[in-house]
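Asker: Those sequence lines, one after another, are chains A and B. First residue of the first sequence: 1, per my numbering; consecutive thereafter. First residue of the second sequence: 1001, per my numbering; consecutive thereafter. So that we are looking at the same thing, I have put the structure below in structure tokens.
2 protein chains.
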Amino acid sequence: MAIQVIAFDADDTLWVNEPFFREAEEKFCSLLEDFMPAHSILKELYHTEIGNLSLYGYGIKGFTLSMIETAMRISNQQMPISLVEKVIQIGQEMLEKPVDLLPGVEEVLQNLNGDYRMVLATKGDLVDQERKLRKSGLEKYFHHIEIMSEKKVEDFAKLIRHLDVKPEHFVMLGNSLKSDVLPVLELGGHAIHIPFHTTWIHEQVHHEVKHENFSSVENIRLAAELIRKM
Amino acid sequence: MAIQVIAFDADDTLWVNEPFFREAEEKFCSLLEDFMPAHSILKELYHTEIGNLSLYGYGIKGFTLSMIETAMRISNQQMPISLVEKVIQIGQEMLEKPVDLLPGVEEVLQNLNGDYRMVLATKGDLVDQERKLRKSGLEKYFHHIEIMSEKKVEDFAKLIRHLDVKPEHFVMLGNSLKSDVLPVLELGGHAIHIPFHTTWIHEQVHHEVKHENFSSVENIRLAAELIRKM
Chain A
1 MAIQVIAFDA DDTLWVNEPF FREAEEKFCS LLEDFMPAHS ILKELYHTEI GNLSLYGYGI
61 KGFTLSMIET AMRISNQQMP ISLVEKVIQI GQEMLEKPVD LLPGVEEVLQ NLNGDYRMVL
121 ATKGDLVDQE RKLRKSGLEK YFHHIEIMSE KKVEDFAKLI RHLDVKPEHF VMLGNSLKSD
181 VLPVLELGGH AIHIPFHTTW IHEQVHHEVK HENFSSVENI RLAAELIRKM
Chain B
1001 MAIQVIAFDA DDTLWVNEPF FREAEEKFCS LLEDFMPAHS ILKELYHTEI GNLSLYGYGI
1061 KGFTLSMIET AMRISNQQMP ISLVEKVIQI GQEMLEKPVD LLPGVEEVLQ NLNGDYRMVL
1121 ATKGDLVDQE RKLRKSGLEK YFHHIEIMSE KKVEDFAKLI RHLDVKPEHF VMLGNSLKSD
1181 VLPVLELGGH AIHIPFHTTW IHEQVHHEVK HENFSSVENI RLAAELIRKM
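This is how it looks when you write it as structure tokens:
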């Protein structure tokens, strides 16, 4: 069997995530509609987030701080202080969201369980990712959980070394070409892209990916079938 | 040799951390001195932090959000909006602090290097702890880095299992009796306490620790000497 280790991305691969950010952004825009039209607010927010990325990393707490910073800037510090409280509440509600598994996820993990070593490789905030994993009930399927601050080539190289597997026996499944696919292909591993309907601008890749170790499938069930044939 | 793995806590064991929080709290109190005396502000802030701990976890981003929440509450939403900006800045400055190694740290790691498997076991925010480790230049001494959302018995049990070492061959060094010492002793491991002059209230233990696998020493050099004799 060619594949020994299957690594799964979590957000928007196993469970819903990005739509909660879109929903939060909508609420944020409606709080500030007196100061600016929504599309400009979103641009400003994205600008703040990217500016803070090296300082805050990924995750809801940094996102909340970036919303507050953006609100102050675009309102020219004229917004009411109660608005800050509402923004903090948007963040706290995000942190309390239930975990919605995507269709087929549990069935596929059950099916592959025992035949492959399965690991979770997810980017984001430690506490929040652990909370989601606990709520998901999926922890038992994973041999190893890796919560990464970044998913670049060197981060995957470290993970693959740690798992003591050859890249050609490693496959990564995820919804982000940038974070789940390209770095793994560069290391000689396999990658299967399972697109999700919503992708954060920062994760978007604007060129076509073609590689002998790469496939793109519609859902996680098809990804599992593909792995069985590899 | 009895000890095979030495695990080091990071904040206030390898480098200065808690004093930056104390400094930030002082700045926060002086921003709000018109509303409340400092000692009451600190009580309110601690109350907010503990209330948010399960949601935010440990670290500077959650601390910043808790400062903002506290400021709004104690000013009865009467504070100027510019104050929020100042609080965010306090947090960002904390995230940009240089890493001050405690005396003897590098020398001790160099000395033990090769004779023991050394790991870093630290609690806190993923991005921030990785940043400090990178700045510290100490990464090369560690066989494994574990950034934990909590340091409870089950968290150390997982770590010890992962390292494939028997608890009696494992020693943890750290400044927190609650997080670095008690859970490790409970698992049958060894623990050495290296007190630091400042401890966050939440980490304080108000009873004496007595255990055959426990020692308390004044600095990391003495801890290393002790390990050599174990």
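Beta carbons: idealized from backbone N, C-alpha and C, even for Gly.
By the criterion of Cβ-Cβ separation under 7 Å, what are the contact partners of residue 92 (chain A) in chain B?
Answerer: Those are 1055, listed as they occur along chain B.
Asker: Taking residue 60 (chain A) as part of the beta strand (DSSP E), name the residues at either end of that continuous run.
Answerer: Where residue 60 (chain A) is concerned, there is no enclosing beta strand (DSSP E), although the alpha helix (DSSP H) it sits in stretches over 60-74.
Asker: According to the neighbour-count rule (16 or more other Cβ atoms, all chains shown, within 10 Å of its Cβ), is residue 1134 (chain B) buried or exposed?
Answerer: So residue 1134 (chain B) counts as exposed.
Asker: Suppose contacts are defined by Cβ-Cβ distances below 8 Å. Is residue 1174 (chain B) in contact with residue 1009 (chain B) by that definition?
Answerer: Contact flag set, yes.
Asker: Does any residue of chain B have a CB that is nearer than 8 Å to the CB of residue 4 (chain A)?
Answerer: Output row for residue 4 (chain A): interface = no.
Asker: Starting from residue 5 (chain A), trace the beta strand (DSSP E) both ways and give me its first and last residue.
Answerer: Start and end: 5-8.
Asker: Give every residue of the same chain whose Cβ lies closer than 6 Å to the Cβ of residue 1049 (chain B), excluding the five residues on either side of it in the sequence, and list them in chain order.
Answerer: Once the five neighbours on either side are set aside, the close Cβ partners of residue 1049 (chain B) are 1066.
Asker: I'd like to know whether the C-beta atoms of residue 125 (chain A) and residue 60 (chain A) end up nearer to each other than 8 Å.
Answerer: Yes, these two residues count as a Cβ contact at 8 Å.
Asker: Kindly confirm or deny that the segment 11-31 of chain A and the segment 93-113 of chain A touch, where touching means at least three C-beta pairs closer than 8 Å.
Answerer: Judged by Cβ distances under 8 Å, the segment 11-31 of chain A makes contact with the segment 93-113 of chain A, as three or more pairs qualify.
Asker: Three or more beta-carbon pairs under 8 Å between the segment 1065-1080 of chain B and the segment 205-225 of chain A, yes or no?
Answerer: In short, these stretches do not touch, since the Cβ pair count stays below three.
Asker: Quick check: what's the CA-CA separation for residue 1160 (chain B) versus residue 1190 (chain B)?
Answerer: Between residue 1160 (chain B) and residue 1190 (chain B), the C-alpha separation is close to 12 Å.
Asker: Residue ranges of each beta strand (DSSP E) run of no fewer than 3 residues wholly in the segment 1165-1215 of chain B, ordered along the chain?
Answerer: Complete beta strand (DSSP E) runs here, min 3: 1170-1174, 1190-1193.
Asker: Which residues in chain B have a C-beta closer than 8 Å to the C-beta of residue 79 (chain A)? List them in chain order.
Answerer: Within 8 Å Cβ-Cβ: 1081.
Asker: Please report the straight-line C-alpha distance between residue 127 (chain A) and residue 1128 (chain B), rounded to a whole angstrom.
Answerer: Between residue 127 (chain A) and residue 1128 (chain B), the C-alpha separation is close to 13 Å.
Asker: Roughly how far, in whole angstroms, is the beta-carbon of residue 170 (chain A) from the beta-carbon of residue 16 (chain A), given that I think they are within contact range, below 8 Å?
Answerer: That belief does not hold up - the Cβ atoms of residue 170 (chain A) and residue 16 (chain A) are roughly 26 Å apart, past 8 Å.
Asker: Would you say the segment 27-46 of chain A touches the segment 100-116 of chain A, given that touching needs at least three Cβ pairs under 8 Å?
Answerer: These segments do not touch.
Asker: Tell me whether residue 119 (chain A) sits in a helix, a strand or coil according to DSSP, three-state version.
Answerer: Here residue 119 (chain A) sits in strand by DSSP.
Asker: Please list the partners that residue 64 (chain A) has in chain B, where partner means a Cβ-to-Cβ separation under 9 Å.
Answerer: Simply 1061, 1065.
Asker: Which runs of the beta strand (DSSP E) at least 3 residues long sit entirely within the segment 1103-1165 of chain B? Give them in chain order.
Answerer: Segments of the beta strand (DSSP E) lying fully in the segment 1103-1165 of chain B: 1117-1123, 1144-1148.
Asker: Strictly under 8 Å for the Cβ-Cβ distance: is residue 1139 (chain B) near chain A by that measure?
Answerer: Answer no: the Cβ-Cβ gap between residue 1139 (chain B) and chain A never drops below 8 Å.
Asker: Report yes or no: is there a C-beta of chain A within less than 8 Å of the C-beta of residue 1049 (chain B)?
Answerer: For residue 1049 (chain B), the answer is no, since every Cβ of chain A falls outside 8 Å of its Cβ.
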